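Going by this note's numbering, the first residue of the sequence shown is number 9, and it counts up by one from there.
Backbone N, C-alpha and C fix where the C-beta goes; we use that ideal spot for every residue, glycine too.
Source: prediction; values computed, not measured.
Written below as structure tokens is the structure these notes are about.
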Amino acid sequence: MKYGRPLAAVLIVAAAFSTTAMAATGAMHNNIVVLSDVSGSMRTSDPSCVRAQALRLLSDLLPDGDRLTYAEFGDGVHDPAGQGPLSLTPQSRAALSALGARCKAADAHTDIAAALEFAAQRLASSSSDDRAAFRPAVVLLTDGKDDVATAEDRRGRIAAAVDSLRRIGAPVYAVGLSASADHQLLQELSERTAGRPFFVLDPSDLLGGFFDVSRALAARWELFDGTAPGGSVSVAVPSWAKSIVALRRTHGEGTSPYSLERRDAPAGGGPVAFTAASGTRITVDVVGDVRL
């Protein structure tokens, strides 16, 4: 079982997250701003627009009632929905999927500073009651560096936006696509806001990256990640698990189709079998309050 970290660290983080972070906020839902890079280089970094499927996967994994704002950044920042955060429902998920499927990638620049400022302003505009009920978070996807050539202090703008996000308790989950992404900056953004960075070199891995992001947002714990030898795999589910989420994807293909399976965890735990076609990668997570 892992949460993107060694087992011992997982259990420490799990206990802290379940008993401290959630209790401190009291939040039952997420209020998420997704920032998607639409600079021209994304045509090369993600030619099959797997990022659109990754956005759909993220919205599919979040519960009804969560709020999500989808914004695109490049030469500036644009909210294509034009109506602020969407409350997740089957209808709004379809609308988000359509926005992502536009696969815009034509801007000349990658204005990360403006993107972070947009997220900070959008999340800070929530009422105090909303902040108590909705945990703020930012998901940023980019394949490049903040490259707007001006005389201003770009790093200072980014630092100020990060400070604003820290004050409202919004972690940044930065997803760096390709070796050209500014890994150092994305690492700093995530660490300074108590988020996590995710780096993928191939667009086919974006689904796994966004699945990892959703795991951090939903306090799920990974039990298995790999292919199923012989077409099936048995996973030992712990007694504290309440439910199971399994992601199947055809790893390495440009379009990376996926399917999700949800089921209740067996009472008291025990082995659970999952089937997967040859060459299909399967990731199995559980939801529950982890116990040592």
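Under the three-state reduction of DSSP output, residue 237 falls in the helix class.
By DSSP's assignment, residue 296 forms a beta bridge with 249. Within the DSSP bridge table, the entry for residue 290 names 234, 256 as partners. From the listed residues 187, 225, 219, the smallest Cα separation to residue 207 is found for 187. By the C-beta criterion, the stretch 224 to 234 is judged to be in contact with the stretch 287 to 297, since at least 3 inter-stretch pairs fall below 8 Å. Along the length of the stretch 124 to 186, whole beta strand (DSSP E) runs at least 3 residues long occupy 142 to 150, 180 to 185, reported in chain order. The three-state secondary structure of residue 56, taken from DSSP, is coil. Here the stretch 131 to 146 does not lie against the stretch 109 to 117, with fewer than 3 beta-carbon pairs under 8 Å apart. From the listed residues 270, 265, 269, 45, the smallest Cα separation to residue 150 is found for 45. Straight through space, the alpha carbons of residue 228 and residue 246 are spaced by roughly 13 Å. DSSP lists 245 as the bridge partner or partners of residue 278. Shortest Cα-Cα distance from residue 79 to any of 71, 69, 63 involves 63. If you draw a 10 Å sphere on the C-beta of residue 225, you find 16 or more other C-beta atoms in it, and that means buried.
In the same chain as residue 282, and ignoring 5 residues on each side of it, the C-beta atoms closer than 7 Å to its own belong to 236, 240, 241, 243, 254, 290, 292, in chain order. Exposure of residue 163 is indicated by the presence of fewer than 16 other C-beta atoms within 10 angstroms of its C-beta. Less than 8 Å divides the Cβ of residue 221 from the Cβ of residue 66.
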